[in-house]
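One structure is given below, encoded as structure tokens.
Protein chains: 2
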Amino acid sequence: MAEQVSRDPVDPRVTRSRRLILEAAVALLVERGFGAATVEAISARSGVAKTTIYRHWPDKEAVLRSAVESIVPTATAPDTGSVRGDLTHFAEDLARILTTPPTSALIPGLVAAAEHDTGLGRLLAEFTAGRRRPVHDAVARGVERGEISAGTDPEAVAELLLGPLFYRRLLSRMPVTAEMIERTVEAVECTLGGPSR
Amino acid sequence: MAEQVSRDPVDPRVTRSRRLILEAAVALLVERGFGAATVEAISARSGVAKTTIYRHWPDKEAVLRSAVESIVPTATAPDTGSVRGDLTHFAEDLARILTTPPTSALIPGLVAAAEHDTGLGRLLAEFTAGRRRPVHDAVARGVERGEISAGTDPEAVAELLLGPLFYRRLLSRMPVTAEMIERTVEAVECTLGGPSR
DNA sequence: TGTTTGTGCTACGCTACAGTAGCGTAGCAG
DNA sequence: CTGCTACGCTACTGTAGCGTAGCACAAACA
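Chains as they are written, first to last, in numbering that gives the first Met the number 0: chain F, 0 to 196; chain R, 0 to 196.
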């Protein structure tokens, strides 16, 4: 919860400790995955005593959740004036997130951890839902503008656009190039049709 | 290596042990993920002594690799006469794999493990490459048939088709419905264009 | 300046797990 | 029937990691 952060004027030692701990946790998650993110490793890397970590979080899971939360990126969704422009911008944004640390390195582990950890599962669900929202908005604007059919399913659009990008990151492990993005956006647009459809 | 399997007429006790061990390992991987698939758990579940496990594999990683290998499904790719038919059949096949055990439950963990384990990374690469091959073949047949343009990039087609399906399984966790498959195939087809293109 | 509060440190106890050694037994094949 | 081989079992060693207790110290704060 964010209340804690803004409420009382906290001791600078506390903020420093928390910051160092989370930085180290993120670095470990990114570099060596969930398996290597142990409390002792975080302590060693951050220079903060293990006991101090337990003074701020009840257990390891809570630390890792905080670490993950601390780097969840927010999606941007500017109105570029056309559906194609919006989707392209969005895809480029996602591609950047998918290929640059820290988020990039975190996603595979998060996907797997979400399978058996409900807390992280919720986090992943929030992340992906947040990712789809800009697409919904872009579609809504397109409909309003008369550019595309009112019957367009925004979820379907999001899926067609996000799927191939995540596929590259997680499965085929090919680089996400500008050409690939353009091609994918084109494919999505192709299915949209005009307002008459 | 497969030589061992077919070479000598093996002692039935050996085949029995190996089978029980791998079955237990797969069950554990499927039900509770890579983290829970310990040698001791496999031993307890299979009823085979831990020492016997180490008589057949050098270490835990090797056991898990064998377990994963034992359930990698092979892709089917019948020629239905049209690109659309081929792709639909393929997508339905993949959807089944993505939603039914044991493969379904294994994929998230495999994706994550592949990130830091080169052995499993190779396995995943082989799996996904095997998945894409039928799409390549379908495209090739479509080109030969004059149904679609010779310039069609089969990798792009595979990506557009596989991406959304995997996205549902791994990220949005929505069920893969028949409508969704049809919609996705339609979207892919829409980008193909005719032979004139 | 004195008091409070957060930290570092050492030293724990506990559990889970990897991997091994040696012995006795049971099943297989000739 | 006999030798061979795989197996089960017990008992280890060693390590890694979680989470805690208590004390001394130092930084923040009033």
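Don't be surprised by glycine CBs; every beta carbon is placed ideally from N, CA and C.
| Asked | Found |
| --- | --- |
| Close beta carbons around alanine 24(F), own chain, < 7 Å, minus the five adjacent residues each side | Ala36, Ile41, Val62, Leu63, Ala66 |
| Straight-line Cα distance separating threonine 75(R) from glutamate 125(R) | 15 Å |
| Own chain, CB closer than 6 Å to proline 101(R), minus 5 neighbours either side, in chain order | Val25, Val29, Ile70 |
| For arginine 144(R), the three-state DSSP class (helix, strand or coil) | coil |
| Contacting residues, own chain, Cβ-Cβ under 6 Å from tryptophan 56(F) (five flanking each side not counted) | Val62 |
| CB contact flag (aspartate 92(F), glycine 141(F), <9 Å) | no |
| Distance CB(glutamate 60(F))-CB(glycine 120(F)) smaller than 9 Å | no |
| DSSP three-state assignment for valine 175(F), whether helix, strand or coil | coil |
| C-beta atoms of alanine 90(R) and isoleucine 180(R) nearer than 9 Å | yes |
| Buried or exposed by the 16-neighbour rule on C-beta atoms within 10 Å, applied to arginine 15(R) | exposed |
| 8 Å Cβ cut-off: residues of chain F touching leucine 169(R) | Val110, Phe165, Leu169 |
| Exposure of threonine 50(R), with buried meaning 16 or more beta-carbon neighbours within 10 Å | exposed |
| Amino acids of chain R, ordered along the chain, whose beta-carbon sits closer than 7 Å to that of histidine 115(F) | Arg31, Gly32 |
| For leucine 191(R), the three-state DSSP class (helix, strand or coil) | helix |
| Neighbour-count burial assignment, alanine 149(R), 16 or more Cβ in a 10 Å radius | exposed |
| DSSP state of serine 81(R) mapped onto helix, strand, coil | coil |
| Cβ neighbour criterion (16 or more within 10 Å) applied to valine 13(F) | exposed |
| Which of helix, strand or coil DSSP assigns to serine 5(R) | Because the pLDDT of serine 5(R) is 40, which lies under 50, any placement of that residue in the model is unreliable, and the number read from its coordinates should be weighed accordingly. Here serine 5(R) sits in helix by DSSP. |
| Cβ-based neighbour list, alanine 48(R), same chain, cut-off 8 Å, excluding 5 preceding and 5 following | Ser42 |
| Spatial neighbours of leucine 123(R) in its chain, beta-carbon cut-off 6 Å, leaving aside the 5 residues before and after | Leu109, Ala113 |
| CB contact check: glutamate 39(F) to chain R, cutoff 9 Å | no |
| Proximity winner among Glu68(R), Thr87(R), Arg54(R), relative to arginine 182(R) (alpha-carbon distances) | Thr87(R) |
| Classification of proline 77(F) by the beta-carbon crowding that lies within 10 angstroms, buried from 16 upward | exposed |
| Of the residues Leu164(R), Val184(R), Leu169(R), the one placed nearest valine 175(R), counting alpha carbons only | Leu164(R) |
| Minimum Cβ-Cβ distance from leucine 97(R) to chain F less than 9 Å | no |
| Any C-beta of chain F under 9 Å from that of leucine 19(R) | no |
| Pick from Leu161(R), Val134(R), Gly162(R), Arg167(R) that is closest to threonine 270(R), judged by C-alpha positions | Given that chain R is displayed from residue 0 to residue 196, the structure contains no residue 270(R) and the question cannot be resolved. |
| Proximal chain R residues relative to proline 107(F), where beta-carbon distance stays under 7 Å | Val110, Ala111, Glu114 |
| Endpoints, the alpha helix (DSSP H) within which alanine 36(R) is located | Alanine 36(R) -> no alpha helix (DSSP H), and no H or E assigned at all. |
| Beta carbon proximity, leucine 86(F) to chain R, threshold 9 Å | no |
| Chain R residues whose Cβ lies nearer than 8 Å to that of glutamate 185(F) | Thr190 |
| Per-residue contacts from threonine 127(R) into chain F (C-beta, under 7 Å) | Leu170, Ser171 |
| Cβ separation of arginine 168(R) and leucine 105(R), assumed to be a contact under 8 Å, to the nearest whole Å | Not quite, the Cβ-Cβ distance comes to about 11 Å (not below 8 Å), so this is no contact. |
| Cβ-based burial, arginine 131(R) [other Cβ within 10 Å; buried from 16] | buried |
| Residue range of the unbroken alpha helix (DSSP H) whose run includes proline 72(R) | Run containing proline 72(R): none; DSSP gives neither H nor E here. |
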